[in-house]
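Asker: Take a look at this one; I'll ask things after.
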Ligand code: AMP
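What follows is the structure, encoded as structure tokens:
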């Protein structure tokens with residue numbers, strides 16, 4: 002099963018994608034995580050991507066698609082994947098369709114998590130990450146038991162560079178899912194809107210219900 006998770010930054014896509022990947026036993030493919038890892042290891046791709054990420058802009062499609070193509074060839078993605086933060090543009094969506102079609106596969110459902118700008122800014126400025134094990138915390142809705150420390154492994158939590166308020170505003174401006182991207186999946190009757198302003202558990206439940214329904218009948222937009 003191949004699932005696409007769409008929505009502005011800060012709607013909990015990362016948290017939800019991890020849960021779904023675990024529940025369904027499929028790969029979690031986050032292009033943002035892949036770019037951050039490449040930037041941290043100082044590869045040519047990472048350095049190029051970082052210059053866009055630091056400005057809150059999208060990395061050009063040819064860079065993103067090259068990286069994604071390699072990722073899709075890996076063994077763990079053969080049985081299915083949830084794409085988190087990908088596709089961000091209609092050409093990326095078309096390229097994903099094309100590469101899956103070559104293997105006789107297709108995207109089963111596109112889940113679009115929505116939230117207002119105010120809510121997104123509030124959430125991102127309170128987001129903390131564990132650099133060691135990847136756990137994600139939110140000051141208001143999911144604080145760590147001990148401030149600044151990861152519940153799972155005890156490492157010191159960090160904030161993402163691009164979660165600073167001024168970059169968040171740019172990301173919102175430049176990275177709202179484009180109408181043509183949403184229409185791509187709406188046209189395929191695969192788009193399902195989910196209200197991301199509910200609690201994390203309620204969103205997880207709605208996503209799981211939508212995925213279950215999509216295996217029984219065509220999704221409704
Ligand atoms: P994210 O963790 O998904 O918010 O992504 C962090 C940053 O990585 C974004 O602000 C973009 O600069 C870049 N990025 C991630 N995924 C994509 C993508 N599919 N296309 C272009 N740029 C991306």
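Residue numbers (my numbering): 2 to 222.
Just so it is clear, CB atoms sit at the ideal spot from N, CA and C, and this is done for glycine as well.
Measure how close the beta-carbons of residue 15 and residue 137 come, nearest whole angstrom, since I'm counting them as under 8 Å.
Answerer: Confirmed, about 6 Å.
Asker: Using alpha carbons as the reference points, say which of 30, 108, 148 and 208 lies closest to residue 84.
Answerer: Checking every option, the nearest Cα to that of residue 84 belongs to 30.
Asker: Return yes when at least one heavy atom of the ligand AMP lies under 7 Å from the C-beta of residue 33, else no.
Answerer: Result yes, Cβ under 7 Å from the ligand AMP.
Asker: Got a sec: does the ligand AMP put a non-hydrogen atom nearer than 7 Å to the Cβ of residue 139?
Answerer: Checking the Cβ of residue 139 against the ligand AMP gives no.
Asker: Unbroken alpha helix (DSSP H) runs of length 4 or more, entirely within the region 131 to 173: which are they?
Answerer: The qualifying runs do not exist here; there are none.
Asker: Note down, in chain order, each residue of its chain lying with its Cβ closer than 8 Å to the Cβ of residue 139, except the 5 sequence neighbours on either side.
Answerer: Cβ neighbours of residue 139 beyond the five flanking positions: 124, 127, 128 and 129.
Asker: Beta-carbon within less than 8 Å of residue 175's beta-carbon, same chain only, minus the 5 sequence neighbours each way: which residues are those?
Answerer: Only 57, 58 and 59 meet the Cβ criterion.
Asker: Taking Cβ to Cβ, would you say residue 9 is nearer than 8 Å to residue 177?
Answerer: Contact: yes.
Asker: Per the DSSP calculation, residue 128 is bridged to which residue(s)?
Answerer: In DSSP, residue 128 forms a bridge with 139.
Asker: Confirm the yes/no value for this check: CB of residue 88, any heavy atom of the ligand AMP, distance under 7 Å.
Answerer: Within the cutoff, so yes.
Asker: Distance check for residue 117 and residue 109, CA to CA, integer angstroms please.
Answerer: Residue 109 and residue 117: Cα-Cα distance of roughly 27 Å.
Asker: So what's residue 87 in DSSP terms, helix, strand or just coil?
Answerer: Looking at residue 87 - three-state DSSP - the assignment turns out to be coil, as it is neither helix nor strand.
Asker: Please go through the region 29 to 61 and give each complete alpha helix (DSSP H) segment of 4 or more residues, from N-terminal end onward.
Answerer: The qualifying runs are 32 to 41 and 45 to 54.
Asker: Following a CB-centred definition, is residue 68 positioned closer than 7 Å to any heavy atom of the ligand AMP?
Answerer: Residue 68: no, Cβ never under 7 Å from the ligand AMP.
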